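What follows is one structure encoded as structure tokens, with my remarks underneath.
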Amino acid sequence: MLEIKNLHVEVEGQPILNGIDLVIPDGEVHAIMGPNGSGKSTLSYVIAGKEEYDITEGDILYNGESILEMDPAERVAAGLFLAFQYPIEIPGVATMTFLRTAINAVRKEREQDELSIPDMMKLIQGKAKDLGVKPEMLKRGLNVGFSGGEKKRMEILQMALLDPGMCILDETDSGLDIDALRIVSEGVNALRSENRSMLVITHYQRLLNYIVPDKVHVMTDGKIVRTGGKELALELEDAGYAEYDEELA
Amino acid sequence: MAAVKETIDQVKELDLDKYKYGFTTDIETVKAPKGLNEDIVKFISAKKDEPEWMLEWRMDAYERWLTMKEPEWAKVEYEKPDFQDLYYYAAPKSSEAPKSLDEVDPELLATYEKLGIPLKEQEVLAGVEGAKVAMDVVFDSVSVVTTFKEELAKAGVIFCSISEAIKEHPELVQKYLGSVVPKSDNFYATLNSAVFSDGSFVYIPPGVRCPMELSTYFRINEENTGQFERTLIIADKGSYVSYLEGCTAPMRDENQLHAAVVELVALDDAEIKYSTVQNWYPGDKDGKGGVFNFVTKRGDCRGANSKISWTQVETGSAITWKYPSCILRGDNSQGEFYSIAISNGLQQVDSGTKMVHLGKNTSSRIISKGISAGKSSNTYRGLVSAHKKASGARNFTQCDSLLIGDQCSAHTVPYIEAKNSTATFEHEATTSKISDDQMFYAQARGLNEEEAVALIVNGFAREVIQQLPMEFMAETQKLIGISLEGSVG
Amino acid sequence: MELVRTEAETGLISLSEEAKIDGPAWLKELQETARAEFQAKGLPNRRVEEWKYTDLKSAMKVAFKPVDQGDVTEAQINEQLGAELAAISTHKLVFVDGQLNEQLSDCSLGELSEVLSLKAALADDVSWVQSIGTVQQNERDAVQALNLALMQGGAAIKIADRHELNKPIHLIFVSTATSESSVASRLFFEIGAAAKVEIIESHISLEDKPSQTNLVTEVLVGDWAKVRHVKFTNDHKESVHLSNVIGKLGKEADYGLFQATLDGGLTRNQVEIRYDGDEAKADISGVALLSGKSHADLTLVMDHAALSCESRELFKTVLDDEGRAVFQGKVIVQPGAQKTDGEMMSKALLLSETAEFDSKPELEIYADDVLCGHGATTGQIDDDLLFYLKARGVPDEEARSLLIQAFVGEALELIENDDLRDYVINQTLAWYEKA
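Pasting the structure below:
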């Protein structure tokens, strides 16, 4: 269970998040929708532990424990996972090497045995096949030369491999055509389970046709201004965000 | 291919003798005797009625100069000037102390009209509605007039000739003169320190945004005369000023020497934007005559959060030796250098900048566009350095060269020194020619070859042109065309 | 003006007076000229533009003396090389304290190809070696002149036209000295038309004592010939290693030089490549990983004097502790060398506050129809990359190490020989672990 309590965040003295309260129980999928600049991506980075954000007030608890003092890698071991809006390219680090390093690092931290190379290969290749990630992609530099859809699929593959309890998907639909969106969504849906929750951040409603949320939150100006069921997304699709945002109104 | 070939041929046949500003003004002048010695230094100082401390400063510089050698590291070749065969002081006789525009010699006013420089305060630069530009006009060795002085004074801005500032504001001059470019900084700057005859002085008081563009217009008229002007601009805390500088000279068979020094000081939160359009006479097509432009320009971002931005359009001069630089001393200070250097005929340019990062979190940006045509040589020479304590220093440098014709050359000589591990420096340089595809495309849209070249070169230099104040933008675009066509336009 | 000589300069001048190598009159004359040049110039200092960032005059305190060829066994050499490198099947050419040791070497490169010790080649005035010392186009600098004056060992190697070597030549420079010593040697390669050769160069020391090496490699690359040369050094921290590779490329020649420098004392790898034939190409790349007080200087001149030639340079430098690196790369396009395509990139990663990196990438262009560019960056490990790795559960230290490997990896990829590339990668891995 993820609990965000009265979270206030600044970047270089500029307030970005102004008191977020959010609880995501195990097994639930929540969506956060909002206009550009409302602070959605900041929230995802803060949960993942990016450094340049100052948390001036509030707390984030995962399974009852504050994660604010944990470094990003420790949060992953604890079970948090962020799928990036813009996955980073790292030339020179082969994707396979990277995946192996990450899986074993997390297993070690979780006090699980490291996987042998054959077991590892079997695991990665199996999941890669499910997500339609081609074997050649695993040999290339991480995300280097990947298309937008391939990058997002790689994010979901990593999500599957690191076995998180709480997944945050930051604008996973951006830059995807309809086919890619379907493949990625199927991958995400396959990972839905009773003891895994998800936070889906998106600007558009269309992703939520594929990944159907239990709850939808509307965020503007660093605050959650409304919460409702999945029908709220459809309402936003028609009306836009104007009514929630003074500047847009 | 044929299209480009023809263009190249046209460029080769440049008629550089058609330099637009090449006329001379027939005006009575007062000159010091030829040559340089202690008496000449004393003569200049006396002529200006200077206080004792100023003469001492000059004499000290002169003595140091005697021990120095002309620098030889630049990629330029020329016959060194005979420093004893020059006049170090020449002034229009009539204008020794004009009180207002009405007292300025009509012959001089006509000269500036011909140059397209409006001196009458009610006038504005052609084509720009409502833009006011205050001008200090330097003719050979003296400032002949400074416009809009009263209006500026109301804002607390001091804008006058340096000679006047020495007399009227000695405390400011003594505090800042030589504090950015020390009097024995280099051979030419030291010579300037000894014999500088005039130039502009600007002081912007704390918190003041200078209400109009300030500008100096330099003109060398006399034969065998060196121009040694000295400009000092101080932007006090939280102030802002934009300053423009333009220059022309008549066509002379002899080389004329221009050895100026410009010092800028920006205190806390202050910003200075300094733009130059340099169009000194470049010499004729055989390389005869032309101005030797040996200039030392340096800005000191002395205060925290200060900013100095240099923009230069260099199209004239036979030889250009010029490196407008920034000392980024204040924490979070910023330096910028935007340059277009066009060389044609037998012109030689060796120009660039130094960004010296001393304070914490300082940043600098260098955009240099060199265009070589004819048989010219065009060199970018730059230094970016982060000192041990300059944590968080950042620089981005982009140096692009464009070659037109196979007789010219382009060189890039950057020095990049990171003595601090938190420095982030990025440097990129490219060399290319105008592609046949670009030429064809422009021509397929109805442009003739000359227009197409001018268009493409303007596009190549766009990032820099955009930095110029509005008043100079249109003029510069036209000047780029003219410099490359060699026609009078 | 009287030159003030340092102790090292005085020492080097007296060594050059003692140095004797048998040879014809032209050689004596050449050496005499070179000696006079060195006497006039002295050791280069920071006032010499090309040595601005490497002040050899102040760094080199004394001149070490050469030693006679010592005893060494093949087993000792293999031990020093390490199993991985020793296992690569090569024609080994072993230079013991500068002298070609024919017992330890495999000098049979094939019919019409030859390996001669420098001494023998000069003493016999072998005709194809007569252009020794003349491959260079630019004026000799003091270090190059000093090499001519001092040269005692080395070899002349000729690869016959169209001859494709079945395995690489491994140049092994081994020092047996039990105290400080110096070596001045010269290699002269004549690579025949359409020949193919791969060269590995390593420098090892049995006793791990400080040494001063002055090595000049002249390479004439014939038309259509292909050469790949990989050099690896990991010298003693008080050593001075001065290397010059001077190459001249024929028509459509394809030349590759990769230099990997790990630590060491003062290392200067200077490379001058002249493009003499049209459509020749060269790739001069490398990595330098420096910790402690190591200083490495890479100075490069790519001189294009022919049509449609290509130059590629990629250098990656990682600096830790008080490591200091210098990159100076100049691409010259001579008048008429149209259609030149030149790309040069130098990137440095600074890991410690006291590291220093100076670079000077230059272009000197006298022809218009060319595409030349260079880039130079200096920076730290990218925070965004680091966060991404950490957001996948990779701990900080491991993430940094991965990113450093990736950084140098881009250059290491350029080593074509798989075994050799693995060897160099493993050496760099060992360096990270130590650093």
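Chains as they are written, first to last, in the working numbering: chain W, -18 to 230; chain S, 112 to 600; chain A, 13 to 447. Built from N, CA and C at the ideal position, the CB exists for glycine as well. Model, not experiment: these values are computed from the prediction.
Check whether the Cβ of residue i lies closer than 8 Å to any Cβ atom in chain A.
{"i": "residue 514 of chain S", "result": "yes"}
{"i": "residue 535 of chain S", "result": "yes"}
{"i": "residue 65 of chain W", "result": "yes"}
{"i": "residue 442 of chain S", "result": "no"}
{"i": "residue 94 of chain W", "result": "no"}
{"i": "residue 90 of chain W", "result": "yes"}
{"i": "residue 86 of chain W", "result": "yes"}
{"i": "residue 594 of chain S", "result": "no"}
{"i": "residue 314 of chain S", "result": "no"}
{"i": "residue 182 of chain S", "result": "no"}
{"i": "residue -10 of chain W", "result": "no"}
{"i": "residue 188 of chain S", "result": "no"}
{"i": "residue 526 of chain S", "result": "yes"}
{"i": "residue 29 of chain W", "result": "yes"}
{"i": "residue 522 of chain S", "result": "yes"}
{"i": "residue 572 of chain S", "result": "no"}
{"i": "residue 538 of chain S", "result": "yes"}
{"i": "residue 208 of chain W", "result": "no"}
Identify every residue that forms a DSSP beta bridge with residue i.
{"i": "residue 356 of chain A", "result": "A:325 and A:386"}
{"i": "residue 309 of chain S", "result": "S:340"}
{"i": "residue 373 of chain A", "result": "A:341"}
{"i": "residue 213 of chain A", "result": "A:183 and A:243"}
Residue j and residue i - do their beta-carbons sit closer together than 8 Å?
{"i": "residue 174 of chain A", "j": "residue 196 of chain A", "result": "no"}
{"i": "residue 379 of chain S", "j": "residue 441 of chain S", "result": "yes"}
{"i": "residue 443 of chain S", "j": "residue 497 of chain S", "result": "no"}
{"i": "residue -12 of chain W", "j": "residue 36 of chain W", "result": "yes"}
{"i": "residue 311 of chain A", "j": "residue 279 of chain A", "result": "no"}
{"i": "residue 184 of chain W", "j": "residue 152 of chain W", "result": "yes"}
In the DSSP assignment, the beta strand (DSSP E) including residue i goes from what residue to what residue?
{"i": "residue 339 of chain S", "result": "Careful: residue 339 of chain S lies outside any beta strand (DSSP E) and carries neither H nor E."}
{"i": "residue 36 of chain A", "result": "From DSSP, residue 36 of chain A is part of no beta strand (DSSP E); its letter is neither H nor E."}
{"i": "residue 493 of chain S", "result": "488 to 497"}
{"i": "residue 272 of chain A", "result": "266 to 274"}
{"i": "residue 261 of chain W", "result": "No answer is possible for residue 261 of chain W: it lies beyond the span of chain W, which begins at -18 and ends at 230."}
{"i": "residue 225 of chain W", "result": "Note, residue 225 of chain W: premise wrong, no beta strand (DSSP E); not H, not E."}
Just to confirm the assignment, what range does the alpha helix (DSSP H) spanning residue i have?
{"i": "residue 53 of chain W", "result": "53 to 59"}
{"i": "residue 390 of chain S", "result": "Element bounds for residue 390 of chain S: n/a, residue is neither H nor E."}
{"i": "residue 28 of chain A", "result": "19 to 30"}
{"i": "residue 439 of chain A", "result": "430 to 446"}
{"i": "residue 431 of chain S", "result": "From DSSP, residue 431 of chain S is part of no alpha helix (DSSP H) but of the beta strand (DSSP E) over 430 to 433."}
{"i": "residue 423 of chain S", "result": "Unbroken run through residue 423 of chain S is the beta strand (DSSP E), 418 to 425; no alpha helix (DSSP H)."}
Let me see if you follow: with CB-CB separation under 8 Å, is residue i close to chain W or not?
{"i": "residue 436 of chain A", "result": "no"}
{"i": "residue 441 of chain A", "result": "no"}
{"i": "residue 397 of chain A", "result": "yes"}
{"i": "residue 160 of chain A", "result": "no"}
{"i": "residue 419 of chain A", "result": "yes"}
{"i": "residue 422 of chain A", "result": "yes"}
Could you tell me whether the Cβ of residue i comes closer than 8 Å to any Cβ of chain S?
{"i": "residue 299 of chain A", "result": "no"}
{"i": "residue 391 of chain A", "result": "yes"}
{"i": "residue 267 of chain A", "result": "no"}
Legend entry - Cβ pair count under 8 Å reaching 3, the stretch 84 to 99 of chain A against the stretch 159 to 173 of chain A: Too few Cβ pairs lie closer than 8 Å, so no.
Legend entry - Three CB pairs or more closer than 8 Å across the stretch 398 to 405 of chain A and the stretch 537 to 553 of chain S: Too few Cβ pairs lie closer than 8 Å, so no.
Legend entry - Touch test, the stretch 520 to 540 of chain S against the stretch 476 to 494 of chain S, Cβ-Cβ under 8 Å, three pairs minimum: Taking 8 Å as the limit for Cβ pairs, the verdict is that the stretch 476 to 494 of chain S does touch the stretch 520 to 540 of chain S.
Legend entry - Three or more C-beta pairs below 8 Å linking the stretch 359 to 371 of chain A and the stretch 333 to 351 of chain A: Contact holds: three or more Cβ-Cβ distances are below 8 Å.
Legend entry - Meets three-Cβ-pair contact criterion under 8 Å: the stretch 97 to 111 of chain A and the stretch 172 to 190 of chain A: With the cut-off at 8 Å, the stretch 97 to 111 of chain A and the stretch 172 to 190 of chain A touch.
Inset, instruction - Tell me, please, whether the stretch 21 to 32 of chain W touches the stretch 371 to 386 of chain A by the rule of three or more beta-carbon pairs shorter than 8 Å. - result: Short answer: they don't touch.
Legend entry - the stretch 564 to 584 of chain S in contact with the stretch 45 to 56 of chain A per 3-pair CB rule at 8 Å: Touching, no.
Legend entry - At least three beta-carbon pairs within less than 8 Å, the stretch 68 to 76 of chain A to the stretch 117 to 132 of chain A: The stretch 68 to 76 of chain A vs the stretch 117 to 132 of chain A: no contact.
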